[in-house]
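Q:
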Amino acid sequence: MIRLLLTIIGGVLLGGVVHLVSVLGLPRIATQDAYSRIAAVSRDNTVTPLAQTDPSNALLPFMDPAFATAVCRYDLSKGPIKLTVPVSQSYTSVSFYTHSDVAYYAINDRSAGRRVIELDLMTEAQHEALPEEEDVTAADRLIIDSPSETGLIVLKALAAESGLMTQAQAALAAASCRVQTDPAAAPVKGKR
Amino acid sequence: MRLILLTLLALVIAAGVGLGLTWTTATRGVDIGTLTIGAWTARPRSGTNEIDPYNRATVARSGELPIGTGDGITFTTTEDDNKKPLDGRCDVVVKGVTPPARFWTLTLYDKKGRVVANTLERYGFTSQEVVRNADGSFEVRIAARARAGNWLPTSAVDRYVLMLRLYDTPVGVATRSQKDAPMPAVATVGCPS
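Read top to bottom, the protein sequences are chains X and H.
The C-terminal position of the first sequence is numbered 192 in this note's numbering, with every residue numbered one higher than the one before it.
The C-terminal position of the second sequence is numbered 385 in this note's numbering, with every residue numbered one higher than the one before it.
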């Protein structure tokens, strides 16, 4: 009897361990997370518009239907990425997610303070490899460190009224996200 | 022989308890770092690096992308102010003011996170679309049949989820109470009997 009781207690305690391990492991083994779903419909380092959120479209759950959305699935292994997003009429934002869907940075048009949101995305190692004076002189360049080599950039433009959706989509269609092949020369030719 | 049986039993209990708990927490969510104002709940840390493991598991399971903190914040509710589950066959009124934000959107989803089909193709309101009273407050009527004013159709779904998203807002990790963030009231005003 005692043995059985001990077995049950032991089982429950071990269950606690299983619970912790599985909660921590779930983001790694999930195959239906946002990154995997978007990976299926997008290409590396290219801005891909996502289909409008409507009842038939269930790419990602709980998307805001008032927004036009585009994604850039990035891979920094070939070098830093330059992202350019023209600001739409009402509200535009750019959010950065790691491969495991953690939102590590987000900026909107007002905090960017310009007509075009321009960002350089690189890994910490690539940031350190930048010549130091360049980092200072190019103060108007916004540099973002990505904690992971791959991840997602989500571009959103608000259609404040439903009639403005095409305009919001057009603003995102003009966005670009591409690898800077030569990071050292980027400030010169990167100013487009 | 008995030892093997007991060990097996312990392992079965461990697997059942452990995975059961994980499934429950990943589906329903855990109240860590939540901000509750009236019927509305937000998880301000889910849009940051400091997202807790339970929340990460929930996000990985559902496939949603949490809104980044520099972008905005999402308030969710599945109940009205009296803890009654939101029912698509009833009339529900969302009424009042919202916390300061450049824009907000109010959206109705089914339990799986899809917008609900209706002939108007209206899935929610933005702060610019909604018709307001003279004092700046608004009243959205959520019902299956057409209503005057701001009508949000439910198509008579059984249960639904409301999300109020604030964009470019000071509301976030530092927000504590209704005083910082006045959220609209959610009330069921009538059900067909």
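All C-beta atoms, glycine included, are put in the ideal place defined by N, C-alpha and C.
#1: Ignore the nearest five residues each way along the sequence and tell me which others in residue 86 (chain X)'s own chain have a CB closer than 6 angstroms to its CB.
#2: Provide the residue(s) that pair with residue 344 (chain H) in DSSP beta bridges, ordered along the chain.
#3: May I have the straight-line CA-CA distance separating residue 120 (chain X) from residue 144 (chain X), to the nearest angstrom?
#4: Considering residue 199 (chain H), what are the terminal residues of the alpha helix (DSSP H) in which it resides?
#5: Can you list the residues of chain H that residue 108 (chain X) reaches, using a CB-CB cut of under 9 angstroms?
#6: Just the chain H side, please: which residues come within less than 8 angstroms of residue 90 (chain X) by C-beta, in chain order?
#7: Could you tell me whether any Cβ in chain X is nearer than 7 angstroms to the Cβ of residue 349 (chain H)?
#8: Do you know how far the Cα of residue 385 (chain H) is from the Cα of residue 100 (chain X)?
#9: If we define contact as Cβ-Cβ less than 7 angstroms, is residue 7 (chain X) a contact residue for chain H?
#10: Short of 8 angstroms Cβ to Cβ, which residues in the stretch 245 to 261 of chain H face chain X?
#11: Is the shortest distance between the beta-carbon of residue 83 (chain X) and the beta-carbons of chain H less than 7 angstroms?
#12: Anything in chain H within Cβ reach of residue 54 (chain X), meaning under 7 angstroms, just list it in chain order.
#13: With a CB to CB cut of under 8 angstroms and the five nearest residues on each side skipped, what residues in its chain are close to residue 75 (chain X)?
#14: Under 8 angstroms: do the stretch 27 to 38 of chain X and the stretch 227 to 240 of chain H share three or more Cβ pairs, one atom per stretch?
#15: At which residues does the alpha helix (DSSP H) containing residue 375 (chain H) begin and terminate?
#16: For residue 271 (chain H), does the three-state DSSP call read helix, strand or coil?
#17: Measure the Cβ-Cβ separation of residue 142 (chain H) and residue 265 (chain H) and say whether it is below 7 angstroms.
#18: Hey, is residue 104 (chain X)'s beta-carbon within less than 7 angstroms of any beta-carbon in chain H?
#19: Counting only runs that start and end within the stretch 70 to 123 of chain X, where is the beta strand (DSSP E) found for 3 or more residues in a row?
#20: Does any residue of chain X bring its CB to less than 7 angstroms from the CB of residue 315 (chain H)?
#21: Counting only the same chain and skipping the five closest in sequence on each side, list residues whose C-beta sits under 7 angstroms from that of residue 142 (chain H).
#22: Counting C-beta neighbours from all protein chains within 10 Å, is the total for residue 304 (chain H) 16 or more, i.e. buried, or is it exposed?
#23: What separation, rounded to the nearest whole angstrom, lies between the Cα atoms of residue 381 (chain H) and residue 359 (chain H)?
#24: Leaving out the 5 sequence neighbours to the left and right, which residues in its chain are closer than 7 angstroms to residue 376 (chain H) when beta-carbon positions are compared?
A: In terms of the structure at hand:
#1: 116, 171 and 174
#2: H:334
#3: 6 angstroms
#4: 194 to 220
#5: 262, 263, 264, 294, 359 and 360
#6: 295 and 320
#7: no
#8: 47 angstroms
#9: yes
#10: 245, 246, 248, 249, 251, 252, 253, 254, 255, 256, 257, 258, 259, 260 and 261
#11: no
#12: 307
#13: 44, 45, 149 and 150
#14: no
#15: Here residue 375 (chain H) belongs to no alpha helix (DSSP H), and DSSP marks it neither H nor E.
#16: strand
#17: Only positions 193 to 385 of chain H appear in the structure, and residue 142 (chain H) is not among them; the question remains open.
#18: yes
#19: 81 to 86, 92 to 98, 103 to 108 and 116 to 123
#20: yes
#21: With chain H running from 193 to 385 in the structure shown, residue 142 (chain H) is simply not present.
#22: exposed
#23: 29 angstroms
#24: 286, 287, 288, 289 and 290
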